[in-house]
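Per this note's numbering, residue 53 is the first one in the sequence shown, and the count goes up by one each step.
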Amino acid sequence: MTTNNDVRFGWFLPTAGDGKYVGVAPERKPTLDYLVDVAQTAEKAGFGFVLIPTGGACVDAWVVGSAVMSHTTTLRPLVAVRPGLIAPVLAARMGAALDVLSNGRAMINVVTGSSVQDLEELGDPLAHSHDERYERAEEYLEVMKRAWTNSDGLAASEFAEGKANDTAAGEPFTGKYYQFNRPVSAPKTVQQPHPPFFLGGSSKMAKQIAVQYADTFLMWGEPHDWIREQIEEVEAIRNEYAVETGEERTLRYGLRAQVLVRDTEEEAWAAAWELISQVSPEATRQAQQSFAQTDATNQRRQNELREKSQKDRFVAGPNLWTGLSTVRSGGAILIVGTAEQVSDRLIEYAELGVSTFILSGYPHLEEAEIFGRKALPLFHEKWAQKQKQFAAR
53 MTTNNDVRFG WFLPTAGDGK YVGVAPERKP TLDYLVDVAQ TAEKAGFGFV
103 LIPTGGACVD AWVVGSAVMS HTTTLRPLVA VRPGLIAPVL AARMGAALDV
153 LSNGRAMINV VTGSSVQDLE ELGDPLAHSH DERYERAEEY LEVMKRAWTN
203 SDGLAASEFA EGKANDTAAG EPFTGKYYQF NRPVSAPKTV QQPHPPFFLG
253 GSSKMAKQIA VQYADTFLMW GEPHDWIREQ IEEVEAIRNE YAVETGEERT
303 LRYGLRAQVL VRDTEEEAWA AAWELISQVS PEATRQAQQS FAQTDATNQR
353 RQNELREKSQ KDRFVAGPNL WTGLSTVRSG GAILIVGTAE QVSDRLIEYA
403 ELGVSTFILS GYPHLEEAEI FGRKALPLFH EKWAQKQKQF AAR
């Protein structure tokens, strides 16, 4: 069991649209007013940050993050950076600007991509090479970190005078994918040494890079034994890294999942099935055909989980439902039930070592309020009791 009292909760901004059903055209457009409404509702409900997605039909994460932070006071924007699609020093400067303008609230989610079609549409030359994308991401994060740390003490006037190119500003970087004379960023970030990185993925390469650079390793929702295995694998890699380098890095574990809370379990399950009640068989077939073409290990695991649970009406464990993954990619497992049941399932994940949850539900506006009112206080109450019991041992 983790002894981390600091369990954090984030919500999801539906930047591709929102609605009561999954697998159909969204009923609500991702307008500024609506996204701000969801963000403010999440903040009031007790969530500390919002994940702003990327890819497909999503409105640009950086633009949305800038807008959201100007309409909230404590909510932190977790924005996506796409290695290879934006130059790393430019990404560092964008992150620094967001961090300064939000007074230290910026967080960065590293997305290497899972949809080959999306990567092709964006012009990624490594769209068909999973391993090379992670190699590139490793260099990318190293350059971003150097740019942030090299900016320490440099004022805007020094950039104008060309002093940012002085040797004192940092060492050159020469890699397979990137070469920089001296990567330097401005302005200096509020968070030191830099805004935190989130990085997900189920492949060994993803886990190795997370151990070196991430502050939070993000996993998609899976049954508890699957999550335990992932954490154990990352911990083994982290221990190996510490022995090899002498650097003992701390790493949080995050879980991305859907939630649905109702007053009774019967109501909750009925609401879960209602979410996919409007999708056509053809849309389901096309979605699963697309999911099968992925080269992302975490999406393949979601596909496997859906197939294994299909004979049980997509029930993958107590209060765990994979029905959404018939038409939704990504972290689609739904934790469904009463507030008591949902909070208990989250407690079980926390006992495995998960200390950051990124949740969502359809529609995101209403479900943020429901979860924040019914399940979140219950989780904190139960988790505090668990921690007291652990400390008393």
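The C-beta atom is built at its ideal place from N, Cα and C for all residues, glycine as well.
Flag this pair as yes or no: are the beta carbons of residue 311 and residue 423 separated by less than 8 Å? Along the sequence shown, one-based indexing puts residue 311 at 259. Along the sequence shown, one-based indexing puts residue 423 at 371. The Cβ-Cβ distance between residue 311 and residue 423 falls below 8 Å.
Identify whether residue 24 lies in helix, strand or coil by the three-state DSSP scheme. What the structure shows of the chain is the stretch from 53 to 445, and residue 24 is not part of that stretch, so it cannot be assessed.
Proximity to residue 404 [Cα-Cα], best of 303, 281, 180, 331: Taking the sequence shown and counting its residues from 1, one reaches residue 404 at position 352. Out of 303, 281, 180, 331, 281 has the C-alpha closest to the C-alpha of residue 404.
Should residue 267 be labelled buried (16 or more other beta-carbon atoms within 10 Å of its own) or exposed? The residue given as residue 267 occupies position 215 in the sequence shown. By the neighbour-count rule (16 or more Cβ atoms within 10 Å), residue 267 is buried.
Classify residue 442 as buried or exposed, calling it buried when 16 or more other Cβ atoms lie within 10 Å of its own Cβ. Against the sequence shown, residue 442 aligns to sequence position 390. Label assigned to residue 442: exposed.
For residue 259, is the classification buried or exposed, using 16 other Cβ atoms within 10 angstroms of its Cβ as the cut-off for buried? Along the sequence shown, read from residue 1 onward, the residue named residue 259 stands at position 207. So residue 259 ends up on the buried side.
Return the CA-CA distance between residue 144 and residue 134, expressed in angstroms with no decimal places. Position 92 of the sequence shown, counting from 1, holds the residue named residue 144. Position 82 of the sequence shown, counting from 1, holds the residue named residue 134. In this structure, the alpha-carbon of residue 144 lies about 12 Å from that of residue 134.
Own chain partners of residue 108 with C-beta closer than 8 Å, once the 5 adjacent residues on each side are dropped: By 1-based counting over the sequence shown, the position of residue 108 is 56. In chain order, 68, 167, 170 place their CB closer than 8 Å to the CB of residue 108, counting only its own chain and leaving out the 5 sequence neighbours on each side.
Residues near residue 53 in its chain [Cβ-Cβ closer than 7 Å; skip 5 each side]: For the purposes of this step, residue 53 is taken as the residue at position 1 of the sequence shown. Reliability of the predicted coordinates at residue 53 is poor, the pLDDT of 37 falling under 50, and no value is obtained from them.
Return the bridge partner residues of residue 271 from the DSSP annotation. Within the sequence shown, the letter at position 219 stands for residue 271. According to DSSP, residue 271 bridges with 307.
Alpha-carbon to alpha-carbon, residue 390 and residue 325: Numbered from its first residue, the sequence shown carries residue 325 at position 273. Numbered from its first residue, the sequence shown carries residue 390 at position 338. Taking the straight line from one Cα to the other gives about 15 Å.
Decide if residue 197 is buried, meaning its Cβ has at least 16 other Cβ atoms within 10 Å, or exposed. Position 145 of the sequence shown, counted from the first residue, corresponds to residue 197. By the neighbour-count rule (16 or more Cβ atoms within 10 Å), residue 197 is buried.
Looking at residue 414 and residue 71, is the spacing between their C-beta atoms short of 8 Å? Numbered from 1 along the sequence shown, position 19 holds the residue referred to as residue 71. Numbered from 1 along the sequence shown, position 362 holds the residue referred to as residue 414. Against a cut-off of 8 Å, the Cβ pair of residue 414 and residue 71 comes out as a contact.
Figure out for me which residue from 177, 148, 257 has the closest Cα to the Cα of residue 190. The sequence position of residue 190 within the sequence shown is 138, counting from 1. Selected option, being the one with the closest Cα: 257.
Among residues of its own chain, excluding the 5 on either side of residue 76, which ones have a beta-carbon nearer than 7 Å to its beta-carbon? On the sequence shown, residue 76 is found 24 positions in, with the first residue counted as 1. The residues 330, 331, in chain order, have a CB closer than 7 Å to that of residue 76 in the same chain once the five nearest residues on each side in sequence are set aside.
Where does the unbroken beta strand (DSSP E) through residue 408 begin, and where does it stop? Taking the first residue of the sequence shown as 1, we reach residue 408 at position 356. 406-412 is the span of the beta strand (DSSP E), which, as asked, contains residue 408.
Buried or exposed: where does residue 122 fall if 16 or more other Cβ atoms within 10 Å of its Cβ makes it buried? One-based indexing of the sequence shown puts residue 122 at position 70. Its Cβ having fewer than 16 others within 10 Å, residue 122 is exposed.
Could you name the residues of the same chain whose beta carbon sits closer than 6 Å to that of residue 293, not counting the 5 residues immediately before and after it, in chain order? Residue 293 sits at position 241 when you count from the first residue of the sequence shown. Counting only Cβ-Cβ distances below 6 Å, and skipping sequence neighbours, we find 263.
Please state if the CB of residue 252 and the CB of residue 350 are separated by a distance shorter than 8 Å. Mapped onto the sequence shown, residue 350 falls at position 298. Mapped onto the sequence shown, residue 252 falls at position 200. Yes, the pair counts as a contact, with Cβ atoms nearer than the cut-off.
Does the separation of the CB atoms of residue 127 and residue 95 fall below 8 Å? Along the sequence shown, one-based indexing puts residue 127 at 75. Along the sequence shown, one-based indexing puts residue 95 at 43. In this structure, residue 127 lies near residue 95, with their beta-carbon atoms less than 8 Å apart.
Helix, strand or coil for residue 62, going by three-state DSSP, please let me know. Along the sequence shown, read from residue 1 onward, the residue named residue 62 stands at position 10. Residue state, collapsed to three classes: strand.
N-terminal and C-terminal residue of the beta strand (DSSP E) that residue 161 is part of: To locate residue 161, count along the sequence shown from 1; it is residue 109. Per DSSP, residue 161 belongs to the beta strand (DSSP E) from 159-162.
May I have a chain-ordered list of the beta strand (DSSP E) segments no shorter than 3 residues that lie completely inside the segment 302-386? Correct list: 304-313, 367-369.
State the DSSP-derived secondary structure class of residue 441, mapped to helix, strand or coil. In the sequence shown, counting from the first residue as 1, residue 441 sits at position 389. Note: residue 441 maps to helix in three-state DSSP.
Assess contact between the segment 109-118 and the segment 363-381, defined as three or more Cβ pairs (one per stretch) separated by less than 8 Å. Is contact present? Pairwise C-beta distances place the segment 109-118 out of contact with the segment 363-381, as fewer than three of them are shorter than 8 Å.
For residue 130 versus residue 162, is the C-beta distance shorter than 8 Å? Taking the sequence shown and counting its residues from 1, one reaches residue 130 at position 78. Taking the sequence shown and counting its residues from 1, one reaches residue 162 at position 110. Residue 162 sits away from residue 130, with the two beta carbons spaced by 8 Å or more.
Residue 83 to residue 410, Cα distance in whole Å? On the sequence shown, residue 83 is found 31 positions in, with the first residue counted as 1. On the sequence shown, residue 410 is found 358 positions in, with the first residue counted as 1. Distance between the alpha carbons of residue 83 and residue 410 is about 22 Å.
Taking Cβ positions, are residue 304 and residue 383 nearer each other than 8 Å? To locate residue 304, count along the sequence shown from 1; it is residue 252. To locate residue 383, count along the sequence shown from 1; it is residue 331. Taking 8 Å as the Cβ cut-off, residue 304 and residue 383 do not qualify as a contacting pair.
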